[in-house]
Each structure stands twice: as C-alpha cells, then as structure tokens.
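This note's numbering applies: residue -12 is where the sequence shown begins, and numbers increase by one. Backbone N, C-alpha and C define an ideal beta-carbon position, used for all residues, glycine too. Only a predicted model underlies this, so the values are computations on that prediction, with no experimental measurement involved.
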Amino acid sequence: MDVGVDDSLAILLALRSPELEILGITAVAGNAPLENTANNTLRVLEAAGRTDIPVARGAAKPLTREPEAALHVHGNDGLGGSSVPQPTQMTFDERPAVQFISDIVIAHEPGEITLIPTGPMTNVAHLMREAPDAFARLKDIVLMGGAFALTPYGHGNVTTVSEFNIWADPEAAAELVQADIPITAIGLDVTTDPSGSINSERHQGLGNSADPYAKLAAMISVQVLERFGVVNIHDAQAVAAVIDPSLFRTETYPIEIITQDGSVRGQTIVDRRPGSRRSSGPEITVATDVDGPRFLELLLGRLTQEA
Ligand code: RIB
Ligand code: CA
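So, in structure tokens, the structure goes:
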C-alpha cells in the first residue's frame, strides 16, 4: 500500500470486515515517499486501535525509475494533511517486504492468501523475482490499478490513458501480469464512477458519526473532498472486491502494459476483439461495472457501525 488517503479507507474497511484476516501490510513508495507511506500505515493502524497488524517496509523506488509522488492529491505527508497522530507504540517489522510476505505465505497452505496491492506494484514484482516459490503459493491478486476504457470513467488520472499505480512503475506491472496466478484489476473505470464515490453529503454522514473509524475516515479524506469536490475511494473498492465479488461485473482479456515513456507510459491495454483469448499471452480479469450504491452501503455501513 502507498498510504495515502484512499489506502487509509481501504485499511479501515478491511479492519471492519470479518470476511478477511489481515496478515500484514507492506508499504511502498507511491502517493508519497516510502518513509511517509510506511509511517502513515502505522499512524492509521494505531489510530484504529490495531497495533497487532504487522507492517513491513518495501521499495523506496520503482524497479527502474525515479519515484514521483502524488502529494498534490494526498497532501504534504500523504495522509491528506490530516492531524492523525504520529505512531507512539508501533514499530516496523524488521524484515523487508519480500521476506515478510514470503514468510507469511510459506506459513500458510497454497491457495489461501490473496494479495491486495493498492499502490505501485513494485513490492509485488520484487516478490515475483526474489521469492518465486512464495509467489506461486498465492491464491490470487486483486489490485487497484489501470484504466481500461471500459466505462465512461475509464480514462487515466496521470495521462489521458494512464492510472497512477501502473504509471508510477509500469515495469513492475508489466512483470506482474506475466504471473501464472489469477489477477483481477479494479481500475478507474469503476473507482471513479460517481455512484460509488463519497460526495460532500456522504462525507458529512461520516463526520457526524460517533464511530471512531468514521471520524478517522472523515478527517483523512476532508482535504481531498475540499480540493476535488469528491473522494474517489479507489483502494477500498479493491478490498470490497475481495469481501463481496458480486459488487463488480468482470471480464477477462489479454493485457498489455505500456512501459515506453510519454503519454502512453503505464497504459493498460486489454484486447477485446473476438477470439483474442486464443492467444497465449498474459491475461487479466478487469472490473467492467460496479454496484456503486451497494459498495457505499458496505463501506459506510461498516465505518459507522459503532455509532
Ligand atoms: O490511481 C489511484 C491510485 O493511485 C490509488 O491507489 C491511490 O491511492 C494512488 O495510489
Ligand atoms: Ca494507493
């Protein structure tokens, strides 16, 4: 995760979801430099009273490129300019992210663990390269990333065609889609659908709730709401897709990730031509629609349950 505003809401949703057991979180450079995204992960978990969740630090930069943060969206420290306290109890797991994930996966049966990447795919690419046996034991990957031009909202947010998580480290994403395990991408096509976004009315409902998680979510996201008029909770949709896949319609296609520079850097191209799946190349399952109201009911309902 590159905690981040919407990464934070994804954590809070996961913490309130009995369908999931969070075995750990690894931080990656993305929305903000690694020192911020890692520290923000501790800030959110401590504020949520969940110092039991282990956190490891991953890549401070993409596989081959220099890191380029998105502080204009996520605020100067990556946590929406909010006043969430600095961690006082939690420290990082001493293992680097790849060893941390590998140990957890090896300690479980094959096919038990789902990775939910919500930042650049750098840590996942390192896992593939450095711990292939552990990577092969994963059940699947459900990631937030990509813009597949499958809905009116399926354009990019960095360039006209590129979504940030893929754009930030396109080489990592290009390696990831070659994997033999199932990959589902929850892209901007659905995460920027207004029916599933937090507008000022819904944000007020969070802020007015007595539930501490709702208040935390409101505090972290208010600057984004003020700046952009809406809070697209991209990463929480990836978590929701694991909790209740029925929230999304999906299709599977051959995929190509563009790694060349310029306006196509990080473009995620799916081949929807009839018969395209007969090719032997990499495939990906992509979300083609979201039940926005039901997603919000899940998210907001679980963040305001202790009202
Ligand atoms: O493009 C949206 C994605 O980029 C989200 O994961 C957001 O947190 C940023 O990382
Ligand atoms: Ca993110």
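Spanning the alpha carbons of L137 and Q247 requires a straight line of approximately 23 Å.
Segment contact: the segment 96 to 113 against the segment 59 to 67, fewer than three CB-CB distances shorter than 8 Å; contact not assigned. Residue A227 holds the alpha-carbon nearest to the alpha-carbon of A1 among F79, V31, A227. DSSP places T171 in the uninterrupted beta strand (DSSP E) bounded by 170 to 173.
Around the beta carbon of H221, 16 or more other beta carbons lie within 10 angstroms, which makes this residue buried. Rounded to whole angstroms, E270 and R82 show a C-alpha spacing of 32 Å. Taking C-beta atoms as the reference points, I170 and I230 fail to come closer than 7 Å. Comparing alpha carbon positions, the residue from G216, D198, E238 closest to G36 is D198.
Along the segment 55 to 105, the beta strand (DSSP E) does not occur as any fully enclosed run of 3 or more residues. Within 10 angstroms of the beta-carbon of R265 lie fewer than 16 other beta-carbons, which makes it exposed. The alpha carbon of V251 has as its nearest neighbour, out of P157, G279, S196, H59, the alpha carbon of P157. For R264, the three-state secondary structure derived from DSSP is helix.
Here M206 carries a helix assignment [DSSP, helix/strand/coil]. Where P139 is concerned, there is no enclosing beta strand (DSSP E), because DSSP gives it neither an H nor an E. E162 is classed as buried because its beta carbon has at least 16 other beta carbons within 10 Å across all chains shown. Ranked by Cα distance from L58, the first of I256, V(-8), Y240 is V(-8).
Between K48 and A25, the C-beta spacing is not below 7 Å. Beyond the five residues adjoining it in sequence on each side, T38 comes within less than 7 Å, by CB distance, of L32, Q76, M77 in the same chain, given in chain order. D167 sits away from Y140, with the two beta carbons spaced by 7 Å or more.
Under a 10 Å Cβ-count criterion, E8 is classified as exposed, with fewer than 16 other Cβ atoms of the shown protein chains found around its own Cβ. Residue side-chain check: T105 places its Cβ nearer than 6 Å to a non-hydrogen atom of ligand 2. In this structure, ligand 1 has a non-hydrogen atom nearer than 6 Å to the beta-carbon of G17.
Under the criterion of beta carbons closer than 8 Å, N152 and M108 qualify as touching, at roughly 7 Å. Sequence-distant partners of N219 (beyond 5 residues in either direction) whose C-beta falls short of 6 Å from its own C-beta, in its chain, are T178, T179, S184. Short of 6 Å from the beta carbon of D80, and not among the five residues preceding or following it, lie these beta carbons of its own chain, in chain order: P41, A43, F87. For V273, the uninterrupted beta strand (DSSP E) segment begins and ends at 270 to 277. The residues N186, S187, in chain order, have a CB closer than 8 Å to that of G216 in the same chain once the five nearest residues on each side in sequence are set aside. Comparing alpha-carbon positions, the option among H113, L283, I(-2) lying closest to T105 turns out to be I(-2). The C-beta distance from I93 to R124 rounds to 7 Å, short enough to meet the 8 Å contact threshold.
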